[in-house]
Amino acid sequence: MLLPNPIPTQFISHSFLEEKGIELAIKRLDLVHPEVSGNKFFKLRYNLEKAKSQGKSSILTFGGAFSNHIYATSEAAKAEGLESIGIIRGEKTEPLNATLAHAEQLGMQLHFIDRKSYREKSTADFLNSLTEEFGDFYLIPEGGTNELAIKGTQEIFDLEDQQFSYICSSIGTGGTFAGLYTSLASHQKLLGFSSLKGEFIHQEISELLEKHQLSSNGSYGIFTNYHFGGYAKHKQELIDFIWWFYENFGIVLDPIYTGKMAFGVWDLIKKDYFFKGSKILMIHSGGLQGNMGFTERTGFKLPTLSG
Ligand SMILES: *Cc1c(COP(=O)(O)O)cnc(C)c1O
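Residue numbers for the sequence shown, in numbering that gives the first Met the number 0: 0 to 306.
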């Protein structure tokens, strides 16, 4: 069973924060495990345990060509002695990008499907055809969100985190957000920063909470105005912020999730969203493996080493 390293929480000091009377810290899930970084570690943990207890020898999951989930699944499966199969959206391009090359090197069997078939990936017909092709596998959905993933992310907090009044996290599918939400204390508010464009995420989160019957002692809010154009989109302003953050605090962020969240938090502090004396905890959910691929894809250089 994958075991986490102790997760450091790092306070960030800056004259601007002093002026505003804000204490800001970041919980470094990017350091949670030598290979399986970030929230994906927590999301995969109990799923792999279940796969093993069911006697499965392989994990099958889905993702895009730069997916943190694909990368983490290949690492976690290998660490647990399981085979892994990655169903990748889109055509195979060679040489493989850094994410896929790494996954393949760890033994993940990559299988590319066109975008139309990919949209039908959850239908019974399609899943049956996968079973015919790959045998009896343990299925993890795209992005990794399911009941056991949420159970895993409920373990991100520890007692010391109760000192914070706000917890800030990025949102993709919302699985991590849901797990964090259920573990809040009554004086805490969880703020989610959607990395996707659109208001649909409000509904998606409430459906997710309802489906898994999750409740909380705390409260939550979601920001949908820090997506920078949408998932995997970016703007110069975001890249500049990621560099600025790195140069000031020595912490690497990614442009898909954590960069947008941290930008949002900083912006909200500027706008006096938080009252003086607030203690804010940002969740660094990892995802730094994608920075190399982002540079390959866009030409924008990003910091890549987490210090
Ligand atoms: C996958 C991922 C997220 C989103 O997690 P969800 O549980 O899908 O909301 C956030 N940050 C990083 C770095 C990720 O890799």
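Here a beta-carbon is modelled for each residue, glycine too, at the ideal position from N, C-alpha and C.
Residue span of the beta strand (DSSP E) that contains residue i, given as start and end
i    : result
L179 : Per DSSP, L179 belongs to no beta strand (DSSP E); it is in the alpha helix (DSSP H), 174–181.
I25  : 22–27
K278 : 278–283
Y272 : No beta strand (DSSP E) contains Y272, which DSSP labels as neither H nor E.
Opening and closing residue of the alpha helix (DSSP H) in which residue i lies
i    : result
Y225 : That residue, Y225, is in no alpha helix (DSSP H); it is neither H nor E in DSSP.
A231 : Counting along the chain, A231 falls outside any alpha helix (DSSP H), and DSSP gives it neither H nor E.
K334 : The structure shown does not extend to residue 334, since the chain is modelled only from 0 to 306, so the question has no answer here.
H201 : 199–210
I78  : Here the sequence assigns Ala to residue 78, which means Ile is not the residue at that position. Taken as a continuous stretch (DSSP letters only), the alpha helix (DSSP H) holding A78 covers 67–78.
H101 : 97–104
T8   : Segment 8–11 is the beta strand (DSSP E) holding T8; no alpha helix (DSSP H) there.
G292 : 289–297
F133 : 123–133
I149 : 146–152
K115 : 114–118
F15  : 14–19
Under 8 Å between C-beta atoms of residue i and residue j
i    : j    : result
T72  : L28  : no
L267 : Y230 : no
F41  : I139 : no
Y165 : S36  : no
D253 : G289 : yes
I84  : F10  : no
F222 : G263 : yes
T172 : Q153 : no
L47  : L81  : yes
L280 : K26  : yes
Y137 : I58  : yes
L237 : F248 : no
G220 : K269 : no
I21  : G62  : no
M318 : C167 : Given that the chain is displayed from residue 0 to residue 306, the structure contains no residue 318 and the question cannot be resolved.
G217 : G174 : no
L99  : K77  : no
T303 : V251 : yes
Buried or exposed (CB count within 10 angstroms, at least 16 for buried), residue i
i    : result
E295 : exposed
Q212 : exposed
G306 : Per-residue confidence for G306 stands at a pLDDT of 42, beneath the threshold of 50, marking its modelled position as unreliable; the derived number appears in the next sentence. It counts as exposed.
A123 : exposed
W243 : exposed
H233 : buried
N127 : exposed
F65  : buried
E74  : buried
N145 : buried
H186 : exposed
G286 : buried
L158 : exposed
H38  : A small fix is needed here, since residue 38 is Asn in this sequence, not His. With 16 or more Cβ atoms within 10 Å of its Cβ, N38 is classed as buried.
N67  : buried
T92  : exposed
E141 : buried
F274 : exposed
G151 : buried
Residues that residue i bridges to, as DSSP identifies them
i    : result
G307 : Here the chain comprises residues numbered 0 to 306, so residue 307 is not present and cannot be evaluated.
F40  : Its beta-bridge partners do not exist; DSSP assigns none.
I241 : Answer is none; I241 lacks a bridge partner.
I139 : T60
G171 : BP columns for G171 are empty, so no partner.
I166 : L189, L280
G45  : According to the sequence provided, residue 45 is Tyr. The question's Gly does not apply to it. Y45 pairs with nothing; no bridge assigned.
Q108 : I84
S218 : K188
Interface flag, residue i vs chain C, CB-CB below 8 Å
i    : result
Y272 : Among the chains in the structure shown there is no chain C, since it carries only a single protein chain.
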